[in-house]
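Below: the structure, in structure tokens.
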Amino acid sequence: MSFEAKINAGSFKDSIESISRLVDEIKLNINQEGISSVSADPANVAMVMFKLKKEGFEEFHVDEEMTIGFDLNRLEDILSVASMGDEIEMQSEEGNQLSIKVSGFDYKISLLDPSTIQQEPKVPDLDLPARIVLEGNKIRKAVRASEKVSDYLVFSTKDDKFIITAEGDNDSVKMELDESQLINIETSEDVRSIFSLDYLADMSKSIKKASETKIRLGTDYPVKINFNIVDENGEVEYLLAPRIESESTTSP
Amino acid sequence: MSFEAKINAGSFKDSIESISRLVDEIKLNINQEGISSVSADPANVAMVMFKLKKEGFEEFHVDEEMTIGFDLNRLEDILSVASMGDEIEMQSEEGNQLSIKVSGFDYKISLLDPSTIQQEPKVPDLDLPARIVLEGNKIRKAVRASEKVSDYLVFSTKDDKFIITAEGDNDSVKMELDESQLINIETSEDVRSIFSLDYLADMSKSIKKASETKIRLGTDYPVKINFNIVDENGEVEYLLAPRIESESTTSP
Amino acid sequence: MSFEAKINAGSFKDSIESISRLVDEIKLNINQEGISSVSADPANVAMVMFKLKKEGFEEFHVDEEMTIGFDLNRLEDILSVASMGDEIEMQSEEGNQLSIKVSGFDYKISLLDPSTIQQEPKVPDLDLPARIVLEGNKIRKAVRASEKVSDYLVFSTKDDKFIITAEGDNDSVKMELDESQLINIETSEDVRSIFSLDYLADMSKSIKKASETKIRLGTDYPVKINFNIVDENGEVEYLLAPRIESESTTSP
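Protein chains in written order, with the numbering used here: chain A, 1000 to 1251; chain B, 1000 to 1251; chain C, 1000 to 1251.
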């Protein structure tokens, strides 16, 4: 059982960071197709599904399917010394240790026993009636603007408009994006769900400004936020549970 | 009673920041001429007089004179999302709420009841014998240099020289600016007053490096520091009470 | 007894900072050759030998040998207001006060009585069998990479290779530099010593990326790290005691 790969340092950093926004330790599945992981945050409010096809690597060899466990923060710390353009060589035998060569340094990282890491959560099968595609930059700015007035944000659609609102105790903000400001919108009904800005802020940091971001929404249903990394060879999908308005909650 | 205006985001940020250095909540007077406010800091040591003529706005309409109250920090927080070149549209009916449109976002901000905000302080009528005009950059650097050695700074004049000194327990600093280094100086007598660097540091952050700054001084009298913002259409004047040397104070 | 000198602000900042990484107060010796100091850090683990020849100054006059004592942090604070290209004029009579003119400001700094400052430590006479010369950038990166995994670093040589390793509880890193990656290496035997990364991190901040850095090493002996500043007119030498592995220490 052995794994060997070469990848651009910037691409690998982007991949790791998109997951580490939500979780500290992951099980990474490695097979002939590439690498992938599914993790839930400790509070079970959000999930991140990550895939990177072998085409996203400069070299990629694995002799049989394997699962390795590691601490994302330790890995990020080590990668922080590498420059974006550097090349990373990874190698693991038997899954106890990961050897990383980068920028002239030769690291040996102890891997975690995958059985000690949280079980892969089951990804719920959701039928979400609204699909919105927009520039990453728009979602990032909307999250930042909403944070200024509230801890929660409402995503809704109305007649092919995507509407983002946040309402605080004193102030509120609203952004309406019509078809001309979106890349695409398809809705079979008007939808509306409320989400925690804490989670959305973490997630939106991984969305590149220029990237196409897909959002799938329902009413009082989780949101799926999906975008590509590493030149279309990688895919990140976040799933975030809605905040259900209780009687005691002021309606945003 | 309604107010509507358009203004460049950078100009509006500069205006708000020049006041928020000293106070958190203000009463803003709006009339056919433009907007203005007069506020004192909570300790009553400093005042800020602010005016922005309607010519500093791209559009400006008010049907009758009105006074609105607001929290400067909340406004700054919201403006932090805007880019310098963005355009801000403001609108208020009846003075309960301010609507701000900027960068595609539509904010509603609750206004404060002006009667709950500190009364406008009376601006003292001072006859200050020395008038100095100099580049903003010089006053900013003098304040920074003085902070390195003391908590107080002395502004004085002697024979058409403007002299800035600060004396700490161990170290001291002195800067002498003669007519060739000043834009202008007019004095009818030599003057000397001591001021708190805490206040001067806050004030000097609003002075643009290249702007003409006017200083009016007396002996053991307040200083007036005056400069234009928004291309000569706005004016900020700070007034700072002197620190009177007591018997027990080491003479700086 | 008087001293007068002019020097570029950036050069003087670099000089002061190379010493202040390790000590707060120094005795500076001034004579016809230039200025120099020898200091040990408070824990007596590291020493810094500093020399700047009079050729590194634009002007330099001293009538008789003198020693002045000063607080490096106060001096750095004052220099922080100067721009890199500014010129500093220093002047001291009798060694009680240092006058510094820079960027239009005239500072008077109280000097410390040299007799109150730590005695100059005796520099040990060491015969270190390995001499390595390499680019400053390589040593800086090696220190940063090692800090990610451990608190200690091992410098060793083997057959004309310079090897840097750091071993943490879980992870390790190794960098091997052969003759082609070094400017020079001369060894009469293989050597190996362990050093604290806390000290090395402070020291390496003063090493310019492009500068030639000389390292002299033995086995369980102090390391000497030596580099020039101010265009070859100044020299900084750090000496750092090794950490001797006790029985209870895991061998790195």
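Built from N, CA and C at the ideal position, the CB exists for glycine as well.
Interface residues of chain F around B:K1026 at Cβ under 7 Å?
-> Among the chains of the structure shown, chain F does not appear; the protein chains present are A, B and C.
Count the CB pairs spanning the region 1216-1226 of chain B and the region 1188-1200 of chain B that are closer than 8 Å, and state whether there are at least three.
-> yes
At least one CB of chain A closer than 8 Å to the CB of B:G1103: is that the case?
-> yes
For C:Y1198, decide whether its Cβ has a neighbour in chain B, counting only Cβ atoms nearer than 8 Å.
-> no
Between the Cα of B:T1115 and the Cα atoms of B:K1137, B:K1026, B:S1010, B:N1043, which residue gives the shortest distance?
-> B:K1026
Check each residue of the region 1103-1120 of chain B: if its Cβ is closer than 7 Å to any Cβ of chain A, include it; give the result in chain order.
-> G1103, F1104, D1105, Y1106, K1107, I1108, S1109
Since I believe C:G1068 is in contact with C:G1033 (beta carbons under 8 Å), could you give me their beta-carbon distance rounded to a whole number of angstroms?
-> About 18 Å; that fails the 8 Å criterion.
Alpha carbon of C:L1127 to alpha carbon of C:R1215, nearest angstrom | 6 Å
Contacting residues, own chain, Cβ-Cβ under 7 Å from C:V1061 (five flanking each side not counted) | F1002, I1029, N1030, Q1031
Compile a chain-ordered list of the residues in the region 1160-1178 of chain A whose CB is closer than 7 Å to at least one CB of chain B.
-> N1169, D1170, S1171, V1172, K1173, M1174
Using alpha carbons as the reference points, say which of A:A1240, A:E1146, A:V1022 lies closest to A:D1168.
-> A:E1146
Could you check if B:K1209 is buried or exposed, using at least 16 other CB atoms within 10 Å of its CB as the buried criterion?
-> Note on identity: in this sequence residue 1209 of chain B is Ala, with Lys being the wrong assignment. Exposed.
Of the residues that make up the region 1126-1141 of chain C, which ones have a beta carbon closer than 9 Å to any beta carbon in chain A?
-> K1137, K1140, A1141
In whole angstroms, what is the alpha-carbon distance linking B:L1110 and B:E1063?
-> 18 Å
Return the CA-CA distance between A:A1326 and A:S1149, expressed in angstroms with no decimal places.
-> Examination of residue 1326 of chain A is not possible in this model, given that chain A is present from 1000 through 1251 alone.
Residues near A:L1238 in its chain [Cβ-Cβ closer than 6 Å; skip 5 each side] | M1046, P1221, K1223
Cβ-heavy atom distance, B:I1138 to the ligand NAD, below 7 Å | Absent from the structure shown: the ligand NAD. Ligands present: none.
Contacts that A:E1076 makes with chain C (C-beta to C-beta distance below 8 Å) = In the sequence under discussion, the amino acid at residue 1076 of chain A is Asp, which differs from the Glu named in the question. In chain order: K1147.
Are the beta-carbon atoms of A:E1016 and A:E1092 separated by less than 8 Å?
-> no
State the Cα-Cα distance for the pair C:L1152 and C:I1162, rounded to the nearest angstrom.
-> 10 Å
Smallest Cα separation from A:N1095: which of A:L1051, A:K1107, A:D1159?
-> A:K1107
Same chain, Cβ closer than 7 Å to B:D977, neighbours up to 5 away in sequence not counted = The structure shown has nothing for residue 977 of chain B, since chain B only spans 1000 to 1251.
Which runs of the alpha helix (DSSP H) fall wholly inside the region 1119-1205 of chain B and span at least 4 residues, in chain order?
-> 1135-1146, 1196-1203
Option nearest C:T1164 by Cα separation, candidates A:D1105, A:S1205, A:T1156, A:F1194 | A:D1105
Could you have a look at A:L1078 and say whether DSSP puts it in helix, strand or coil?
-> helix
If we ignore side chains and look at the alpha-carbon of each, how far apart do C:L1125 and B:R1139 end up?
-> 51 Å
Check the DSSP bridge columns for B:L1051 and list the partner residues they point to.
-> B:I1034, B:G1233
Assign B:I1182 to one of two classes, buried (16 or more other C-beta atoms within 10 Å of its C-beta) or exposed (fewer than that).
-> exposed
Just mark B:G1233 as buried or exposed, buried being the case when its beta carbon has 16 or more other beta carbons within 10 Å.
-> buried
State the beta-bridge partners of B:Y1106 as determined by DSSP.
-> A:V1172, B:I1099
Indicate whether at least one CB of chain A lies closer than 8 Å to the CB of C:A1209.
-> no
Using the rule of at least 16 other Cβ atoms within 10 Å of the residue's Cβ for burial, across every protein chain shown, is B:P1113 buried or exposed?
-> buried
Sub-8 Å separation of A:E1086 and A:A1008 beta-carbons = yes
Which residue's Cα is closest to the Cα of A:E1166: A:Q1118, A:F1194, A:P1123?
-> A:F1194
Are the Cβ atoms of B:L1078 and B:F1154 separated by less than 8 Å?
-> no
Rounded separation between B:I1228 and B:E1185 - CA only | 24 Å
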